[in-house]
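Going letter by letter, the sequence shown gives residues 0 to 179 in numbering that gives the first Met the number 0.
Note that the Cβ used here is the ideal one computed from N, Cα and C, for glycine as well.
Nothing here was measured: the structure is a model prediction, and the numbers come from that model.
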Amino acid sequence: MTTQSEQHAAAAGARRCITQVNSLDDLVGAHPDALRHFYEAGKPADPAELGDAPRGRLLALQPTVGFHLATRPLITALASRWMPWKGNEFDHGGNSGTNLVFGSKVWRFKAQLLPSELDGAPTLALTYGERAFGNPWPVSALKDELRAVGPGVAIGPMLLKWQERWHHVLWFGLTRVTPQ
């Protein structure tokens, strides 16, 4: 006869734990808890591995975590065609860049290794608050974090600083664009 803790340990060992992703498209609409698992298992993203202009995708909305299945079709639709944000463009050296929205370069950011607001581990942080960038609020109050979860694939949270606290808004990802 096995104890309940032995049964739990056996079940946990039988579960598959995937920590590397081959395609960002596979993560569109994933549950925020699963995305956090991948993020925490990742390593700080390297802009050189993502290329000069990685394609971006919305993956999930954090505030809908409690009713994710109801909002998943909306996320999938937004991420496919209707999302005006198309990704990022890193400057040479990868220490700054811009967002690509409707084909235009907007909202400059500074890229640097910082502790994550989610777990304190190192992450590539994209910050928008530098005065010289001239980003409007709420863009200037945003912070994106990125960790590599597979070859040429990075994901992370978008956070908004509101009333002196960081609030997790959504999960997004970037993927290297391979020339056709």
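Local Cβ density within 10 Å of residue i, reported as buried at 16 or more and exposed below that
{"i": "alanine 131", "result": "exposed"}
{"i": "methionine 0", "result": "Below a pLDDT of 50, predicted positions are generally treated as unreliable, and methionine 0, at 48, falls in that range; the measurement from the model is reported next regardless. The residue is exposed, with fewer than 16 neighbouring Cβ atoms inside 10 Å."}
{"i": "threonine 180", "result": "There is simply no residue 180 to check, as the chain begins at 0 and stops at 179 in what is shown."}
{"i": "glycine 172", "result": "buried"}
{"i": "threonine 122", "result": "buried"}
{"i": "valine 76", "result": "Per the sequence shown, residue 76 should be read as alanine rather than valine. Label assigned to alanine 76: exposed."}
{"i": "proline 31", "result": "buried"}
{"i": "leucine 23", "result": "buried"}
Pairwise C-alpha distance: residue j and residue i
{"i": "alanine 10", "j": "alanine 33", "result": "Low confidence applies to alanine 10: its pLDDT is 42, below 50, so where it sits in the model is not reliable enough to give any reading."}
{"i": "glutamine 3", "j": "tryptophan 106", "result": "Note that glutamine 3 scores 46 on pLDDT, short of 50, meaning its location in the model is unreliable; the coordinates nonetheless yield the value given after this. Approximately 53 Å between the Cα atoms of the pair."}
{"i": "leucine 49", "j": "leucine 113", "result": "18 Å"}
{"i": "lysine 85", "j": "leucine 99", "result": "5 Å"}
{"i": "proline 178", "j": "aspartate 90", "result": "19 Å"}
{"i": "alanine 153", "j": "alanine 147", "result": "4 Å"}
{"i": "glycine 28", "j": "alanine 78", "result": "8 Å"}
{"i": "glutamine 19", "j": "glycine 149", "result": "5 Å"}
{"i": "proline 83", "j": "glycine 119", "result": "31 Å"}
{"i": "tryptophan 161", "j": "leucine 141", "result": "9 Å"}
{"i": "aspartate 25", "j": "tryptophan 81", "result": "18 Å"}
{"i": "glycine 102", "j": "glycine 96", "result": "15 Å"}
{"i": "serine 115", "j": "alanine 124", "result": "8 Å"}
{"i": "leucine 145", "j": "threonine 70", "result": "24 Å"}
{"i": "glycine 92", "j": "alanine 40", "result": "25 Å"}
Expected contact under 8 Å - CB spacing of residue i and residue j to nearest Å
{"i": "arginine 54", "j": "threonine 174", "result": "5 Å"}
Residue i and residue j closer than 9 Å at C-beta
{"i": "alanine 52", "j": "asparagine 21", "result": "no"}
{"i": "tryptophan 170", "j": "leucine 68", "result": "no"}
{"i": "glycine 155", "j": "aspartate 143", "result": "yes"}
{"i": "tyrosine 38", "j": "leucine 158", "result": "no"}
{"i": "glutamate 129", "j": "lysine 104", "result": "no"}
Residue i beta carbon near the ligand COA (any heavy atom closer than 8 Å)
{"i": "lysine 109", "result": "No copy of the ligand COA appears in this structure; indeed no ligand is present at all."}
Is it true that the region 161-170 meets the region 39-46, where meeting means three or more beta-carbon pairs spaced less than 8 Å apart?
no
At a cut of 8 Å, does the region 129-149 reach the region 56-64 through at least three beta carbon pairs?
no
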